[in-house]
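Scroll down for the structure; my scribbles are underneath it.
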Ligand code: AP5
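Numbering (the numbering used here), first residue to last: 1019 to 1238.
Have a look at this one:
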């Protein structure tokens, strides 16, 4: 299976991609996580990406694509993957289509997780992330058992630097201008499946499972 999760910042793409990846035994490939891993390792790519991410801008297409092609060339993606955060611009989508065609591959589907804007703001500002194991929490909707401590590995949770409210506003604007056109792009290809992301996490997972069954990817 090769799936793309499409949706605004805070829509729940990462949360749902994690669940699907575990269920289907394929990797969750998040471009945001790949960039953050690079800047933790202090690579040149990580330093470049951080400058854009801190301001809520997109990292340039050529930088992003080179990183994605490298990741999708790794052995664990051969049975498929769930892409979260890529593609995010029309050129990225077109170049991705060309790369898939060249490899004689095709996407199984593109899942658009649609969430009202007012909900997105509170999801992002309340998000807490584990810097060690990448688990994600929410102070209100999905709190850890002990405040600010990761349930899975015990590390102290942090707020992402791009989840400050002024940066969130820019990220939502950038989503509207740069990424939202991909909804039509994939609808024209007959690949788009929209789910209501305003529901609870479990309800969104159930909606995704229903849509996956419709495209012949049901799972027990
Ligand atoms: P990235 O890390 O991809 O961020 P994003 O797309 O802005 O998405 P988020 O991770 O913020 O949200 P999400 O939809 O995954 O929501 P989550 O599941 O965490 O990208 C960061 C930056 O990297 C970009 O701004 C850009 O600079 C750069 N970048 C990345 N890809 C790029 C590309 N292709 N090209 C160029 N630049 C790129 O959920 C959010 C919160 O809500 C959590 O706290 C969660 O617990 C909670 N939650 C989730 N679902 C629910 C629910 N149903 N009900 C209640 N709470 C929920």
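For every residue, glycine included, the Cβ atom is placed at its ideal position computed from N, Cα and C.
Small disclaimer: the values here were computed from a predicted structure and weren't measured.
Using a Cβ-Cβ cutoff of less than 8 Å, which residues in the same chain neighbour residue i once the five nearest sequence positions on both sides are dropped?
i            : result
residue 1172 : none
residue 1211 : 1127, 1128, 1129, 1130, 1229, 1232, 1233
residue 1076 : 1070, 1082, 1106, 1107, 1192, 1196
residue 1089 : 1047, 1052, 1095
Going straight from the alpha carbon of residue i to that of residue j, what length do you get?
i            : j            : result
residue 1070 : residue 1186 : 13 Å
residue 1092 : residue 1039 : 16 Å
residue 1161 : residue 1119 : 42 Å
residue 1158 : residue 1145 : 9 Å
residue 1225 : residue 1032 : 16 Å
residue 1086 : residue 1048 : 9 Å
If distances are taken between C-alpha atoms only, which option among the options comes closest to residue i?
i            : options                : result
residue 1079 : 1057, 1096, 1113, 1221 : 1113
residue 1196 : 1109, 1122, 1098       : 1109
residue 1035 : 1053, 1066, 1129       : 1129
residue 1050 : 1082, 1059, 1212, 1219 : 1082
residue 1104 : 1217, 1062, 1027, 1214 : 1027
residue 1179 : 1219, 1054, 1123       : 1054
residue 1042 : 1170, 1019, 1156       : 1019
Looking at residue j and residue i, is the spacing between their C-beta atoms short of 9 Å?
i            : j            : result
residue 1191 : residue 1029 : no
residue 1037 : residue 1223 : yes
residue 1181 : residue 1138 : no
residue 1099 : residue 1021 : yes
residue 1176 : residue 1151 : no
What does a CB cutoff of less than 7 Å around residue i pick up in its chain, not counting 5 residues either side in sequence?
i            : result
residue 1094 : 1045
> Are the region 1126-1141 and the region 1222-1236 touching by the rule of at least three beta carbon pairs closer than 8 Å?
Replying inline: The way I'd put it, the region 1126-1141 does touch the region 1222-1236; three or more beta-carbon pairs between them come closer than 8 Å.
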